[in-house]
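Residue numbers (our numbering): 2 to 566.
Where a beta carbon is used, it is the ideal one built from N, C-alpha and C, also for glycine.
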């Protein structure tokens, strides 16, 4: 158990005249809670039971059922993967399979339906991507002439977010680079015309979000009648109540003999039950290191602090100057907070960018490209990005606002510690978030029901995260070496939604700067919105006359004033 440490001489939230809310700090004797050298927010230091795995169904195949030792000595060819894909993966430095891939390839290549479960960042994309591509025939390849409908989609990959659609499509394109397979992305926020042209020209694999797929389906542009393989990535979210009708619509248009694969980090029993309705005798596979029985990746070091809302940005600014800190993702719950935090960090000298639902697709992709290329090293994002960002060298994740539940927590911190790399996940828990954190802590059995109270002056903050002594809340000018978001060009996507490409970095903090004001008629990005008031110098001069009245009747002998008078 972690005991509550005290903070230094920092002003507390007033309590005498304010009603005490659930989770608010009670008045205590400060001397009894002075911080000592044993205070720490690192969960690794907590003594307690091993964290339970978030899984309510016994899998058919686990890591204990297969020989996963010495995987670094095996290649994809040892698992029956064709040479063209093996060579394409070797071109980008991928030579050895991860456990989830080693477990799923023998089953999936045999065309058996699969429910694949592995922690975020362990290689699920190639787990379904390789079997999918191996069963697809491209133009001029063996078997092309025997197809019933050449150029029609043979494989369908359905994902919940635009960012994940782009990431999966890029990974499949990389694995198929030595073949003639055409991979097409379809998702909202982009113009319809390029996607329609690509589908009409022929596509063997279609990757996208349910909404845009259904739109193209209703227009009779997307033909799913010849699909052989269907993949639902991040299945727990795809099969959630909000996505289930869309998934049913798409699955109903595919042949009943299709090969179906579902992959996700978490797979509770209710989701597995729904998934089996659309699958034929599926095999439930869970890949997990026998020495890593927790719900999170063992390489991820978890740290949690109870933080005051007004002090979070000061703590964050110091965490971003920790030794060895590389690319960092900061997660917030709201779009407005994401924009504000990104702008605050930019003012402090950090190369930051925001990504949230109120940004146009062009601005979102601009921020992701800048982050992946290193032009910015701090990405402030809402949960919309949690399932779409796949960057191996993210060293830190900061939960600026406490996640809603344990599933979001797992997906957030899963952005670091990927592909065998080490990572650090820091979570800020405000007093108002204590009930929410208690549920997360209990569900994952983290052993930290009372996070240590921490401020930017707390010594254990510097010790836990290797922050140099004397670090301030601003990045020194000598350390400002990143090119920044402005160095990344924004792509013209012919967006169907609003576009914020010209807005100041981090959002609009001026009057009326609340994100999400769609069609509000306010000035945004240097452009005057339709319906807004034009400048006074541009208004035409009106001609009008005035007449003096008394009791509603013209005053006797009163002159009439013209517009010029």
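Restricting attention to 92, 244, 200, the CA atom closest to the CA of residue 161 is found in 244. In the DSSP secondary-structure assignment, residue 415 is not bridged to any residue. Here the C-alpha atom of residue 181 lies approximately 12 Å from the C-alpha atom of residue 152. Secondary structure in the segment 391–466: the alpha helix (DSSP H) runs of 4 residues or longer, each lying completely within the stretch, are 407–414, 435–445, 460–466 in chain order. Per DSSP, reduced to three states, the secondary structure at residue 230 is strand. For residue 300 and residue 125, the gap between their C-alpha atoms comes out near 17 Å. Between the alpha carbons of residue 286 and residue 111 lies a distance of about 15 Å.
Taking a cut-off of 8 Å on C-beta distances, the segment 421–437 does not touch the segment 370–378, as fewer than three cross pairs fall below it.
In the DSSP secondary-structure assignment, residue 284 is bridged to 115. DSSP, read as helix, strand or coil, puts residue 379 in strand. Of the residues 457, 410, 466, 458, the one whose Cα lies closest to the Cα of residue 441 is 410. With contact defined as three or more Cβ pairs closer than 8 Å, the segment 442–453 and the segment 310–317 are not in contact. Short of 7 Å from the beta carbon of residue 333, and not among the five residues preceding or following it, lie these beta carbons of its own chain, in chain order: 339, 342, 381, 383, 401, 402. Spanning the alpha carbons of residue 185 and residue 170 requires a straight line of approximately 7 Å. Judged by DSSP in its simplified three-state form, residue 220 adopts coil rather than helix or strand. DSSP places residue 316 in the uninterrupted alpha helix (DSSP H) bounded by 313–320.
Going by beta carbons, residue 284 and residue 133 fall outside the 8 Å limit.
When 288, 252, 281 are compared, the shortest CA-CA separation from residue 60 is found for 288. Using a C-beta cut-off of 8 Å, the segment 251–267 makes contact with the segment 224–239, since at least three inter-stretch Cβ pairs fall below that distance. Taking residue 83 as the centre and dropping the five residues before and after it, the same chain places the C-beta of 135 closer than 8 Å to its C-beta, in chain order. Listed in chain order, the non-local C-beta contacts of residue 475 below 6 Å within the same chain comprise 349, 350, local neighbours out to five positions each way being set aside. Between residue 378 and residue 483, the CB-CB gap stays under 8 Å.
With a cutoff of 8 Å on beta-carbon distance, residue 398 and residue 424 are scored as near each other. Per DSSP, the beta-bridge partners of residue 209 are 159, 187.
Across the set 205, 159, 317, 88, the C-alpha of 159 shows the shortest separation from the C-alpha of residue 249. DSSP places residue 41 in the coil class of the three-state scheme, outside both helix and strand. Counting of Cβ neighbours within 10 angstroms places residue 219 among the exposed residues, the total staying below 16. Excluding its 5 nearest sequence neighbours in each direction, residue 145 has C-beta neighbours in its own chain below 6 Å: 138, listed in chain order. Distance between residue 466 and residue 323, taken at the CA atoms: about 6 Å.
Looking at the backbone, the Cα of residue 216 and that of residue 253 are separated by about 15 Å.
Across the structure, residue 239 and residue 481 are spaced so that their CA atoms are roughly 41 Å apart.
Counting along the chain, the unbroken alpha helix (DSSP H) around residue 131 starts and ends at 125–135.
At a Cβ-Cβ threshold of 8 Å, residue 190 and residue 361 count as neighbours. For residue 309, DSSP records no beta bridge to any residue. For residue 302, the beta-bridge partners assigned by DSSP are 425.
Residue 327 and residue 485 have their alpha carbons spaced roughly 15 Å apart.
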